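Here's the structure, in structure tokens; my notes come after.
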Amino acid sequence: MIDLQIADKVHDEARQGEAVLLELPKKPDARKLYIESYGCAMNFADSEIVASILSDTGFDTTDDYHQADVIFINTCSIRENAETRVRNRLSQFSAVKRKNPKLIVGVLGCMAERLKSKFLEEERLVDVVVGPDAYRDLPNLIEQVETGQKAVNVLLSRDETYADISPVRLNSNGITAFISITRGCNNMCSFCVVPFTRGRERSRSAHSIVAEAAQLFNEGYREVTLLGQNVDSYLWKSEDESEQVNFARLLEQTAQINPLLRVRFSTSHPKDITDEVLHTIAKYNNICNYIHLPVQSGNSRILELMNRTYTREWYINRIEAIRKIIPGCAISTDIIAGFCTETEEDHQDTLSIMDYVEYDFAYNFTYSERPGTLAARKLTDDIPEEVKKRRLAEILAKQQAHSLTKLQTWVGKTINVLIEGTSKKSDKDLRGRGDSGAMVVFPANGNIKPGDYVNVLIEKCTSATLLGKLVL
Ligand code: SAH
Ligand code: SF4
Ligand code: F3S
């Protein structure tokens with residue numbers, strides 16, 4: 001993965017699964033929960049829901065799993081290496097469990113859903129296995145484990161959206177937050193495990209989304225990212241169907257909360273992104289000019305085998321529409337190298353579509369066959385690992401060059417930056433993002449603070465960061 005910090009958790013995590021500890025405000029004598037999340041931003045958002053549910057039953061978090069009464073690991077199944085990381089982590093927890101047999105270890109999320117009770121046979125230290133739609137049941141499941149039984153709930157739901165649960169904002173910078181707008185996915189991309197681990201797509205009530213965004217704004221947050229596997233298919237209807245809200249309308253309602261609230265979203269699907277959405281982005285200054293539009297492959301035959309339901313030409317047409325309606329809009333992508341039957345010519349098509357689009361950022365992977373998916377059942381994973389890796393390296397090298405070119409175009413220009421915090425390298429510098437998502441670092445001045453918008457003149461760039469100075 002290219003270390004372009006743009007879409008931070010939204011993309012980094014979806015793509016590589018990195019552990020992040022979540023912390024709750026402390027209550028004396030509370031039982032202690034240690035929770036670690038892997039996978040996409042939706043999993044991180046889910047951990048905040050889990051923390052909220054457990055906080056109601058008297059749990060505090062701890063950042064030291066040796067102190068925990070309950071250890072939860074919220075897992076990802078997207079690629080084999082995501083699952084390997086979780087298994088390695090579980091073996092580290094087993095040492096603690098040997099010393100403290102009362103410790104409860106739970107597996108949540110997509111791997112729990114994929115493996116179900118098999119997990120209990122494979123990983124003997126695990127006490128509880130809970131799928132993404134069953135978190136309301138966690139307090140009961142913990143009670144069950146306390147009576148000496150193992151506990152499993154992996155029921156998927158057609159309507160659970162946790163709309164009424166106010167997530168406990170954990171590990172937050174107080175400025176940017178995620179809001180899940182849909183759960184599940186109705187597409188059947190042949191490589192993808194998500195429809196199996198997350199179930200059918202459902203849209204959360206527009207009222208609850210807008211209310212959550214407005215509350216965040218009132219608490220001082222200045223940016224929300226609306227999350228779904230395919231945000232363009234968002235469609236919420238009131239019970240009597242008198243009210244219908246599609247994604248364009250939801251974006252608009254969120255943007256109208258306050259011009260100082262930035263709105264981002266992820267992920268857009270090339271087959272579903274409409275001109276209406278593009279015009280809405282263009283109409284509101286506070287909807288960021290940045291679209292994550294995963295192409296996966298630049299070759300129409302491979303796209304068909306992937307069941308992505310668009311062609312190279314269709315994708316290019318959507319890029320043209322973005323360029324026309326939102327000039328200068330930043331675009332990023334996901335690419336899979338070495339999907340079943342991919343030839344060198346097919347791979348060249350991926351490189352050439354990258355040249356055509358010149359993505360600002362890209363998240364690139366080698367194909368990893370996932371059990372139970374359409375591709376695993378119908379196609380042969382026939383590209384040797386070293387060929388996949390070489391193709392990936394070519395994709396990465398091209399993207400690095402494009403990212404640098406894109407960043408260099410900012411040098412000499414002024415960017416309106418939302419300050420997110422101090423720079424990781426020096427607390428004399430502040431860090432924030434422009435509309436396009438590029439990270440901007442600049443020297444602090446006593447009067448400005450996180451949450452403020454400032455203009456920064458860009459003087460130079462590194463491979464991932466723009467460096468500049470304040471323009472007053
Ligand atoms: N809903 C999003 C993708 C979510 S998964 C979309 O449709 O774009 C994030 C990314 O992981 C995907 O875009 C894809 O590039 C990658 N991915 C998914 N399954 C994979 C697999 N089996 N092997 C390698 N990469 C995969
Ligand atoms: Fe997976 Fe495709 Fe759904 Fe994305 S749109 S989550 S890749 S099935
Ligand atoms: Fe992973 Fe599940 Fe997200 S498989 S990418 S955590 S939806």
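164 is the number that my numbering gives to position 164 of the sequence shown; each next residue is one higher, with no gaps. Glycine included, every Cβ here is placed at the ideal spot set by N, Cα and C. Given the structure is predicted, the values throughout are model-derived calculations rather than measurements.
By the Cβ test, the segment 155 to 163 is in contact with the segment 198 to 216, since at least three Cβ pairs between them sit closer than 8 Å. A residue is called buried once 16 or more other Cβ atoms fall within 10 Å of its Cβ, and L170 is buried on that count. Restricting attention to G421, I448, Q399, I458, the CA atom closest to the CA of I415 is found in I458. By the beta-carbon neighbour count (other beta carbons within 10 angstroms, threshold 16), S91 is exposed. Between L407 and C461, the gap from beta carbon to beta carbon is short of 7 Å. Between D272 and S233, the C-beta gap is smaller than 7 Å, which places the two residues in contact. Per DSSP, reduced to three states, the secondary structure at D159 is coil, with no helix or strand assignment. The segment 113 to 121 makes contact with the segment 143 to 152, as at least three CB pairs between them are under 8 Å. Nearest Cα to K413 within the set M42, K389, V471: V471. In the three-state DSSP reduction, E420 falls in the strand class (E or B). No residue range can be given for F191, since it is assigned to no alpha helix (DSSP H) and is classified by DSSP as neither H nor E.
A distance criterion of 6 Å places the beta-carbon of G39 in contact range of the ligand F3S, judged by its closest non-hydrogen atom.
Beta bridge pairing from DSSP links G184 with no other residue. Inclusion of G432 and V417 in the CB contact set at 7 Å is warranted, their separation being smaller than that value.
Secondary structure of D137 (DSSP, three-state): helix. Scanning its chain for C-beta atoms nearer than 8 Å, with the 5 sequence neighbours on each side dropped, one finds around I53 the residues Y135, R136, L138, P139, I165, in chain order.
Two segments are said to touch when three or more pairs of C-beta atoms, one from each, lie closer than 8 Å; by this definition the segment 64 to 73 touches the segment 30 to 46. Counting the other CB atoms within 10 Å of its CB gives P294 a total of 16 or more, which places it among the buried residues.
Contact between the segment 274 to 287 and the segment 247 to 257 is present, with at least three C-beta pairs closer than 8 Å.
With 16 or more other Cβ atoms inside 10 Å of its own Cβ, N299 counts as buried. Relative to the ligand F3S, the nearest heavy atom lies less than 6 Å away from the CB of I78. Taking every protein chain shown into account, the CB of Y315 has 16 or more other CB atoms within 10 angstroms, so this residue is buried. Within a 10 Å sphere around the beta-carbon of S463 sit fewer than 16 other beta-carbons, which makes this residue exposed. For T309, the shortest separation between its Cβ and any heavy atom of the ligand SAH does not lie below 6 Å. Rounded to the nearest angstrom, the Cβ distance from C192 to N230 is 11 Å, too far for a contact under 8 Å. Taking Q253 as the centre and dropping the five residues before and after it, the same chain places the C-beta of V210 closer than 6 Å to its C-beta, in chain order. Counting only the Cα atoms, S368 lies some 19 Å from G109. Looking at the DSSP output, N364 shares a beta bridge with I335.
K469 and E420 have their C-alpha atoms spaced approximately 16 Å apart. In this structure, A177 and L216 form a Cβ contact; the two beta carbons are roughly 5 Å apart against a cut-off of 8 Å. Its chain contains A255 as the residues whose beta carbon lies nearer than 6 Å to that of Y284, once the 5 sequence neighbours on both sides are disregarded; these appear in chain order. Contact between V441 and L467 holds: CB atoms are separated by about 5 Å, below the 8 Å threshold.
For E80, the closest of E143, T366, M306, K102 by C-alpha to C-alpha distance is T366. Within the segment 195 to 248, complete beta strand (DSSP E) segments of at least 3 residues are found at 223 to 227, 235 to 237, 244 to 246, given in chain order.
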